[in-house]
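Chemist: Chains as they are written, first to last, in the working numbering: chain A, 1 to 221; chain B, 1001 to 1221.
Glycine is no exception: its CB is placed at the ideal position from the N, C-alpha and C atoms.
Everything numeric in this text was worked out from a predicted model, so none of it was measured.
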DNA sequence: TAGTTATTACAACGGTCATTGTAATTTTCG
DNA sequence: CGAAAATTACAATGACCGTTGTAATAACTA
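Okay, here's the thing in structure tokens:
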């Protein structure tokens, strides 16, 4: 038999992992495009180039598949965002320009991983029908993990004397960074439902970084 | 015959308007609860206490009904939020306390009109499948109208010397108000998908208002 | 290569649902 | 009241979909 959850204990034959990942990839695309309810198992199987029966053998049922896809996608995006943070804070010298560059990529994550955020919009819409532990798990390995990494980097920059951030205000600074940059864009574009002109995007991000520096720059009050 | 859109030209018999509004009310509840796809016409008709055939006679098809519901609900919420602004700015004397009171009710709107915001979460999730003009129309009679009203009140307070707001920075102040209060709560609760403890809610709103006053209070730089 | 195991094609079941037609019934308006 | 219009109950259609069983086939491991 096959496990229903997503993590497998011992055996793991060669081709299975490829099939499994093909299914996850295809399902991510179809779920993101069509939503949980509209996405049909057959469509997912076709997108993954796999028999629909194989899909059931791997993930038990539609809900199990959705959970696996959500977690898989969340881990991938979190990893990418953390790598992005590493890359930018590694060469962190001038707050004004470096934070702006970071912000552009940070906020651009919604466009770099469109399928994932389409997925997130789905679960937000279906939150009432989803088990709370699924939502919490998603938060844990997704947004919260990303925030934790950001918090560490901000603290590091604070210790280096580049930002006015310490243990005292690190939580708020982390929250504010997310709010001023990604949050601002999110609200203005209705969570990405409406197109946002590049100029508006640029202006929002720039304003957000300026405000952040006004609060947490070294010359700040 | 009957019109498919939602606005009717000339005739309008007595009972029709009641039926129509009963359908809109029922559909708002069911669409919000179950989502566009899962919400069945029969369930909506039952909720409204109306034959499903009548529903088709009024709104043509499911999508037409959804549009009508969205617009109807948006107008209602916008009206309520505008009334809320009127009420609070009418007795606007002390920025610190008055803005806090306003913010609590302003942000609480998501809980005062849960069905509407469930609806909004649906259209955000289904944005790819919705005509762009529907989305724009929603923005126009919904969020944008509310923002416009807020902007006027902020300007008024600026003219009265209670806030450091003028024509120059009114747009940004309006955006910041929404971002610092509702936006902060929205992000933290994943658009209302996850429950937020009252203390966290209270803290976010308080922080938001403080930040707003730091930027636009009279003693601000 | 032989045996185990995963995968596939295929068919079928049971259920849900949007939509329409129709004829009877009720409501409304002049 | 009496005609016109709206509403209703009812049935039916056509489509889609999640899920399962089965037997044949292919892939993999030892």
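1. Can you name, in chain order, every residue of its own chain whose Cβ lies under 7 Å from the Cβ of residue 117 (chain A), other than the five neighbours on each side?
2. Using 10 angstroms around the beta-carbon of residue 1209 (chain B), count the other beta-carbons present and answer buried if the total reaches 16, otherwise exposed.
3. Starting from residue 190 (chain A), trace the alpha helix (DSSP H) in both directions and tell me its first and last residue.
4. Residues of chain B with CB closer than 9 Å to the CB of residue 209 (chain A), please, in chain order.
5. With the cut-off set at 8 Å, would you say residue 141 (chain A) and residue 71 (chain A) are in Cβ contact?
6. Would you give the residue range spanned by the alpha helix (DSSP H) that residue 19 (chain A) belongs to?
7. I'd like the list of long-range same chain contacts for residue 126 (chain A), defined as Cβ closer than 7 Å, with 5 residues on each side in sequence excluded.
8. I'd like the span of the alpha helix (DSSP H) that includes residue 134 (chain A), first residue to last.
9. Using a C-beta to C-beta distance shorter than 8 Å, which residues of chain B count as neighbours of residue 184 (chain A)?
10. Kindly list, in the order they appear in chain A, the residues whose Cβ is closer than 8 Å to that of residue 1128 (chain B).
11. Keeping to the same chain, check which residues put their C-beta closer than 8 Å to that of residue 156 (chain A); ignore five residues upstream and five downstream.
12. Residues of chain B with CB closer than 9 Å to the CB of residue 124 (chain A), please, in chain order.
13. Report yes if the CB atom of residue 1075 (chain B) is closer than 8 Å to the CB atom of residue 1185 (chain B), and no otherwise.
14. What's the C-alpha gap between residue 1038 (chain B) and residue 163 (chain A)?
15. CB residue 1033 (chain B) to CB residue 128 (chain A), shorter than 8 Å?
16. How many angstroms separate the CA atom of residue 1199 (chain B) from the CA atom of residue 1206 (chain B)?
17. Can you tell which of B:1023, B:1093 and B:1046 has the C-alpha that lies nearest to the C-alpha of residue 1067 (chain B)?
18. Using a Cβ cut-off of 8 Å (strictly closer), state whether residue 1097 (chain B) contacts chain A.
19. Using the Cβ count rule (16 or more neighbours within 10 Å means buried), how would you classify residue 219 (chain A)?
20. Spatial neighbours of residue 1098 (chain B) within its chain, please: CB distance less than 6 Å, with the 5 preceding and 5 following residues excluded, ordered by chain position.
21. Is residue 99 (chain A) helix, strand or coil by DSSP?
22. If we cut at 8 Å on Cβ distances, does residue 212 (chain A) have a partner in chain B?
23. Using a Cβ-Cβ distance cut-off of 8 Å, determine whether residue 187 (chain A) contacts chain B.
24. Determine, using beta carbons only, whether residue 1203 (chain B) comes closer than 8 Å to chain A.
25. Write down the C-beta distance between residue 85 (chain A) and residue 149 (chain A) rounded to the nearest angstrom, noting that I regard them as a contact closer than 8 Å.
26. According to DSSP, is residue 1195 (chain B) part of a helix, a strand, or is it coil?
27. Is there a C-beta anywhere in chain B that falls below 8 Å from the one on residue 38 (chain A)?
28. So, does the CB of residue 139 (chain A) fall closer than 8 Å to a CB anywhere in chain B?
29. Determine the direct distance from the alpha carbon of residue 1169 (chain B) to that of residue 201 (chain A), and round the result to whole angstroms.
30. Give the residues of chain A in contact with residue 1135 (chain B), contact being defined as C-beta atoms less than 8 Å apart.
31. Expressed to the nearest angstrom, what Euclidean distance is found between the alpha-carbon atoms of residue 1 (chain A) and residue 121 (chain A)?
32. Can you give the Cα-Cα distance for residue 1139 (chain B) and residue 1145 (chain B), rounded to whole angstroms?
33. With a CB to CB cut of under 7 Å and the five nearest residues on each side skipped, what residues in its chain are close to residue 1134 (chain B)?
34. What are the boundary residues of the alpha helix (DSSP H) that includes residue 1057 (chain B)?
35. Could you tell me the distance, in whole angstroms, from the CA atom of residue 77 (chain A) to the CA atom of residue 1177 (chain B)?
Modeler: Quick answer:
1. 110 and 192
2. buried
3. First-last for residue 190 (chain A): undefined, no H or E at that position.
4. Chain B residues near residue 209 (chain A): none, gap ~14 Å exceeds 9 Å.
5. yes
6. 14-38
7. 36
8. 132-139
9. 1175, 1179 and 1183
10. 33 and 118
11. 89
12. 1121, 1124, 1125, 1190, 1191, 1192 and 1193
13. no
14. 49 Å
15. yes
16. 10 Å
17. B:1023
18. no
19. exposed
20. 1092
21. helix
22. no
23. yes
24. no
25. 5 Å
26. coil
27. yes
28. yes
29. 18 Å
30. 190, 193 and 194
31. At residue 1 (chain A), the pLDDT of 36 sits below 50, so the modelled position is not reliable and the matter cannot be decided from this model.
32. 8 Å
33. 1067
34. 1052-1059
35. 30 Å
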